[in-house]
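Peer 1:
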Amino acid sequence: GPQSGIILFKNKKFGKRANKKINTTFISSVNTARLAVLSLSILEHSSFGKKYSKQIIANSIALATALVKKGYELRKINNGAYSNNEQVHLFLDQYGDKIELYRRLIGNNISTNFMQIMGGQTFARIGTQEITRRGMREKDMKTIANLLDGALKGKNVKDKVIKFNSKFKKIKYSFDK
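Numbering (the working numbering), first residue to last: 17 to 193.
1) From this set, Leu59, Thr128, Lys188 and Tyr111, which residue's C-alpha is nearest Glu89's C-alpha?
2) Less than 9 Å separating the beta-carbons of Ala16 and Asn124?
3) So is Ile160 buried or exposed if we call it buried at 16+ other beta carbons inside 10 Å?
4) Between Ser76 and the rest of its own chain, which residues show a CB-CB distance below 7 Å, the 5 nearest in sequence each way excluded?
5) Assuming Leu142 and Leu79 form a contact by the criterion Cβ under 8 Å, report the distance between their Cβ atoms to the nearest whole angstrom.
6) Out of Leu163, Arg153 and Asn181, point me to the one whose CA is closest to Lys70's CA.
7) Span of the beta strand (DSSP E) holding Gln110?
8) Could you check the C-alpha separation between Leu163 and Ser190 for me, to the nearest Å?
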């Protein structure tokens, strides 16, 4: 979606409390272009959201499973699973300097975010929402795990990343067909 958003609450009392905190912290003026894109995103989500969300979670679980099979340690959620949302958290401390690891990934056209929480451990936050929107499914997560593994180990996988990405040119879960 756009650089903006809407948070909806079922519980009106909780929503009012959250809104008070949010509005006193994050203040922005209206931007017509963002409002138009947000509106379109909401309409698309009302049509495709359930299917899209289920596929995002399926892709996160498949990616986590593939990375664990390669020997990587991942953050688990409270129920013991590796994900129930659009993120997979790959612990990195044992693989070397986080700046160097980040450079390896970016140099291979692999985008992640690095975080340092969870008891001081550094992890890569790998999102699956955009790759899902491009049409990637569970079977493709093994390829992504292999590419991540190669890049983290210092191999040049950039051409393989580009070739793999070129297979997914259409946006899914969208009105623009």
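We put the CB at the ideal spot given by N, CA and C, even for glycine.
Given the structure is predicted, the values throughout are model-derived calculations rather than measurements.
Peer 2: The relevant details are as follows:
1) Tyr111
2) The structure shown has nothing for residue 16, since the chain only spans 17 to 193.
3) buried
4) Ser99, Asn101, Glu102, Gln103, Val104 and Thr144
5) Going by the sequence as given, residue 142 is Ile instead of Leu. That pair is a contact at about 7 Å.
6) Arg153
7) Neither: Gln110 is in no beta strand (DSSP E) and is coded neither H nor E.
8) 27 Å
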